[in-house]
Amino acid sequence: AQSVTQPDIHITVSEGASLELRCNYSYGATPYLFWYVQSPGQGLQLLLKYFSGDTLVQGIKGFEAEFKRSQSSFNLRKPSVHWSDAAEYFCAVDTPRLYYGGATNKLIFGTGTLLAVQP
Amino acid sequence: EAQVTQNPRYLITVTGKKLTVTCSQNMNHEYMSWYRQDPGLGLRQIYYSMNVEVTDKGDVPEGYKVSRKEKRNFPLILESPSPNQTSLYFCASRAKEGQEDRQPQHFGDGTRLSIL
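In order, the protein sequences belong to chains C and G. As numbered in this note's numbering, residues 106 to 224 make up the first sequence, in order. As numbered in this note's numbering, residues 1467 to 1582 make up the second sequence, in order.
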């Protein structure tokens, strides 16, 4: 079955430091990948998405992610973290219906990484 | 402004008392979905709807009902809530899938339910 793994449950970084959040997926074909951010008390906001083409994807708020097929990874990065980046981050893969027998594509989420930012 | 609106945002209730969480989107999206978010489990799909009068079970449908009588609305119904349904719930919508495109989902701000 398709799955998404975010190995880091909780990460703390200092403001201004660089950030990398890990995401690994299990999927047989070219995946459609997303990163969402959930700020406290808010819904999920799309940071970026990868469908095809350039493996380095730019998103909002200065985030980027790199798709590495050989490693089945889609890690999220930011060169300099701001205090407002403290949130929970979710990686997700869009799974075609043929892979799970449903009527349409399904978004499968990782368990999330909670980011804390120290002053 | 394009948005998905859920109500209520917070609810504390008791076991067995029927409740409905409403969800409305103003983007004319065909697809709508409900998720629950629990610590350590991420988001899991409860039900989804591909269009009016078309609904189907997700991964954790037990104890929930949905309906899709209008395109913009997709209420989640808990006929007899139990404490294990205490969770954070999200409604989402997206446009119809195209052949070459994967549409990202738009999420509401969430509804925190506590069932005592």
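Where a beta carbon is used, it is the ideal one built from N, C-alpha and C, also for glycine. Quick caveat: nothing in here was measured; it's all calculated off a predicted structure.
C-beta neighbour in chain C for residue i, strict 7 Å
{"i": "Leu1554 of chain G", "result": "no"}
{"i": "Asp1504 of chain G", "result": "no"}
{"i": "Phe1540 of chain G", "result": "no"}
{"i": "Pro1570 of chain G", "result": "yes"}
{"i": "Gly1508 of chain G", "result": "yes"}
{"i": "Met1516 of chain G", "result": "yes"}
{"i": "Gly1529 of chain G", "result": "no"}
Other residues of its chain near residue i: CB distance less than 6 Å, five sequence neighbours each side excluded
{"i": "Glu125 of chain C", "result": "Asn180, Arg182"}
{"i": "Leu219 of chain C", "result": "His115, Glu193"}
Cβ-based burial, residue i [other Cβ within 10 Å; buried from 16]
{"i": "Glu1566 of chain G", "result": "For Glu1566 of chain G, the predicted model reports a pLDDT of 49, less than 50, meaning its position is unreliable and no value from the coordinates is stated."}
{"i": "Asn1492 of chain G", "result": "exposed"}
{"i": "Ser175 of chain C", "result": "exposed"}
{"i": "Glu193 of chain C", "result": "buried"}
{"i": "Thr160 of chain C", "result": "exposed"}
{"i": "Lys173 of chain C", "result": "exposed"}
{"i": "Pro136 of chain C", "result": "buried"}
{"i": "Ser1553 of chain G", "result": "buried"}
{"i": "Gln1472 of chain G", "result": "buried"}
{"i": "Gly217 of chain C", "result": "buried"}
{"i": "Ser1499 of chain G", "result": "buried"}
{"i": "Lys1483 of chain G", "result": "exposed"}
{"i": "Ala122 of chain C", "result": "exposed"}
Neighbourhood of residue i by C-beta, 8 Å cutoff - its chain only, sequence neighbours within 5 removed
{"i": "Pro1474 of chain G", "result": "Val1487, Thr1577"}
{"i": "Val1526 of chain G", "result": "Arg1502, Arg1510, Gln1511, Ile1512"}
Residues of its chain near residue i, where Cβ-Cβ distance is below 7 Å and the 5 sequence neighbours each way are ignored
{"i": "Glu120 of chain C", "result": "Val186, His187, Trp188, Val222, Gln223, Pro224"}
{"i": "Val109 of chain C", "result": "Cys128, Tyr130, Cys196, Ala197, Val198, Ile213, Phe214, Gly215"}
{"i": "Gln1551 of chain G", "result": "Gly1529, Leu1544, Leu1579, Ile1581"}
{"i": "Pro201 of chain C", "result": "Asn210"}
Nearest-angstrom Cβ-Cβ length linking residue i and residue j, presumed shorter than 8 Å
{"i": "Pro1547 of chain G", "j": "Leu1485 of chain G", "result": "6 Å"}
{"i": "Gly1524 of chain G", "j": "Tyr1513 of chain G", "result": "5 Å"}
{"i": "Ile1581 of chain G", "j": "Pro1549 of chain G", "result": "5 Å"}
{"i": "Leu1445 of chain G", "j": "Leu1507 of chain G", "result": "There is simply no residue 1445 of chain G to check, as chain G begins at 1467 and stops at 1582 in what is shown."}
{"i": "Ala1558 of chain G", "j": "Tyr1501 of chain G", "result": "7 Å"}
{"i": "Gln150 of chain C", "j": "Asp1575 of chain G", "result": "So it is not a contact: roughly 10 Å between Cβ atoms."}
{"i": "Ser1515 of chain G", "j": "Arg1538 of chain G", "result": "Not confirmed; about 11 Å, so no contact."}
Residue i at chain G interface by Cβ criterion, 7 Å
{"i": "Leu151 of chain C", "result": "yes"}
{"i": "Gln107 of chain C", "result": "no"}
{"i": "Thr135 of chain C", "result": "no"}
{"i": "Gln163 of chain C", "result": "no"}
{"i": "Thr216 of chain C", "result": "yes"}
{"i": "Gly158 of chain C", "result": "no"}
{"i": "Gln223 of chain C", "result": "no"}
Contacts that residue i makes with chain A (C-beta to C-beta distance below 7 Å)
{"i": "Lys211 of chain C", "result": "Among the protein chains of the structure shown, namely C and G, there is no chain A."}
*Got a sec: which bits of the segment 1478-1503 of chain G sit with their beta carbon under 9 Å from any beta carbon on chain C, in order along the chain?*
So the close ones are Tyr1497, Ser1499, Tyr1501, Gln1503.
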